[in-house]
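*Asks:* Residue numbering for the sequence shown follows the numbering used here, starting at 1 and increasing by one per position. Got a structure for you, questions after.
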Amino acid sequence: MPRISIVLATHNQARWLPETITSVRAQTLTDWELLVVDDGSTDDTAEVAARAGADTRIRYLPGARRERAAARNRGIAAAKSNLVAFLDGDDLWHPEKLARQTAALDAAPDAALCYTVARYVDATGARLGIRRPPVLLEGEIFPALMRANRMILASVLVRQSALDEAGAFDERLPAFGCEDWDLWLRIARFFPVVAVRDELTYYRRHAGNTARARVLESGLAVVDKHYADPTTPAVARLSRSAARARLLWYHAGAAVEDRRMTGLGLAARAMAAAPSSLASRPAAGALVTLALPKFVLRALGRLPG
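Below is the structure:
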């Protein structure tokens with residue numbers, strides 16, 4: 001049985017896939033299996049996977065288009081290991097990522113999930129001035145995680161036993177983009193979380209990324225889901241409206257990278273959802289971002305160059 005099962009769900013990412021697979025094969029921990037779960041691709045994904053299949057640790061799992069949650073669940077169901085890592089077809093790993101994370105989980109047997117800091121890179125792989133999360137949280141992180149998703153999917157390594165208890169990705173969400181946040185929340189309700197403080201994951205920013213509006217719609221659906229669940233623990237004294245406003249403020253600040261008017265519209269939605277949220281930290285950050293010129297924001301590292 002391999003030490004780690006890597007679930008790589010992909011849809012029409014053949015352009016990036018060879019480099020992504022290369023970053024897996026470069027891992028210093030070599031005892032892994034890679035499950036390339038094809039979610040109905042119409043590009044050259046099958047050909048890329050066939051070439052990669054010369055490495056017997058790599059398995060290609062084609063299937064009809066059913067969206068990323070279903071594709072990842074197919075990979076989880078096929079996984080042979082007690083540890084599952086996730087990767088998207090356009091992201092990359094540092095060679096020591098898996099080794100460092102398995103060591104962190106071995107040292108914390110009660111923890112169910114380990115994540116790393118992620119550095120954003122552009123379409124060419126050049127580093128951008130953005131890293132996530134800016135502050136790492138460990139231990140019982142559910143209340144803080146309910147306020148914002150702090151984990152890039154490709155940075156996560158999780159125990160299969162935790163997935164068995166918390167459930168896998170929710171295929172019934174009305175929008176996809178934050179389905180990973182929903183899963184991390186369900187795991188963090190029951191288990192501690194550990195983190196590796198180095199940048200071992202590289203999240204690629206390019207024109208094919210999920211649209212911001214869709215990510216926002218998905219995030220709001222996750223907030224609504226957890227606030228509607230009567231078994232959800234108290235979430236750091238935030239009301240549902242305040243939680244929705246916080247998410248809107250975050251996206252208002254991020255939207256300046258695309259169109260400032262979009263950011264202003266989201267700020268107005270946040271104010272309408274919870275007027276008192278104007279005094280929150282996300283609101284202050286968004287307002288500063290919306291007010292400053294782009295060249296100043298790039299100098300401060302808020303936007304990629």
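Where a beta carbon is used, it is the ideal one built from N, C-alpha and C, also for glycine.
Judging by CA-CA distance, which residue of R15, D198, I58 is the nearest neighbour of R131?
*Replies:* The candidate whose alpha carbon is nearest that of R131 is D198.
*Asks:* Taking 8 Å as the limit between beta carbons, can you name the residues of its chain near D110, skipping five residues before and five after?
*Replies:* The residues are F191, P192.
*Asks:* When you compare only the Cα positions, how much space is there between L145 and E19?
*Replies:* So the alpha carbons of these two residues sit roughly 31 Å apart.
*Asks:* Does the distance from the CB of R204 to the CB of D43 come in under 9 Å?
*Replies:* It is not a contact, given that the beta carbons lie outside the stated cut-off.
*Asks:* What is the residue span of the alpha helix (DSSP H) that R68 lies within?
*Replies:* Run containing R68: 68-78, per the alpha helix (DSSP H) assignment.
*Asks:* For R68 versus F169, is the C-beta distance shorter than 9 Å?
*Replies:* Yes, these two residues count as a Cβ contact at 9 Å.
*Asks:* Unbroken alpha helix (DSSP H) runs of length 4 or more, entirely within the stretch 190-229: which are they?
*Replies:* Counting only runs of 4 or more, we get 212-228.
*Asks:* Could you compute how far the alpha carbon of F142 sits from the alpha carbon of Y227?
*Replies:* Cα-Cα distance, rounded: 13 Å.
*Asks:* Which class does V156 belong to by DSSP, given the choice of helix, strand or coil?
*Replies:* If DSSP states are grouped into helix, strand and coil, V156 belongs with coil.
*Asks:* What's the C-alpha gap between K97 and A108?
*Replies:* Computed Cα separation, rounded: 17 Å.
*Asks:* Report buried or exposed for R74, applying the criterion of at least 16 other Cβ atoms within 10 angstroms of its Cβ.
*Replies:* Buried, by the Cβ-count rule.
*Asks:* In whole angstroms, give me the CA-to-CA distance for P174 and T210.
*Replies:* Going from the Cα of P174 to the Cα of T210 covers about 15 Å.
*Asks:* For D180, I'd like the list of residues in its chain whose CB is within less than 8 Å of its CB, leaving aside the five on either flank, ordered along the chain.
*Replies:* Closer than 8 Å at the Cβ level, and outside the excluded window around D180, lie F86, N149, M151, L153, V156, F169.
*Asks:* Can the beta-carbon of Y115 be found less than 9 Å from the beta-carbon of A195?
*Replies:* Yes, these two residues count as a Cβ contact at 9 Å.
*Asks:* Return the residue from the list N12, D224, T28 that minimises the CA-CA distance to D101.
*Replies:* According to the sequence shown, residue 101 is Gln rather than Asp. Comparing Cα positions, the closest option is T28.
*Asks:* Looking at the structure shown, is V351 part of a helix, part of a strand, or coil, going by DSSP?
*Replies:* Only positions 1 to 305 of the chain appear in this structure, which leaves residue 351 out of reach.
*Asks:* I need the straight-line Cα distance from L187 to L137, nearest angstrom please.
*Replies:* The sequence given here places Ile at residue 187; Leu does not occur at that position. Approximately 15 Å between the Cα atoms of the pair.
*Asks:* Do you know how far the Cα of T201 is from the Cα of V135?
*Replies:* Rounded to whole angstroms, V135 to T201 spans 15 Å at the Cα level.
*Asks:* Could you tell me the distance, in whole angstroms, from the CA atom of Q13 to the CA atom of S5?
*Replies:* For Q13 and S5, the distance between alpha carbons rounds to 20 Å.
*Asks:* Given a cut-off of 9 Å, decide if A234 and S161 are closer than it, judged by their beta-carbon atoms.
*Replies:* Their beta carbons are not under 9 Å apart, which means S161 does not touch A234 by this criterion.
*Asks:* Starting from A144, follow its DSSP beta bridges and name the residues at the other end.
*Replies:* Answer by DSSP bridge pairing: none, since A144 is not bridged.
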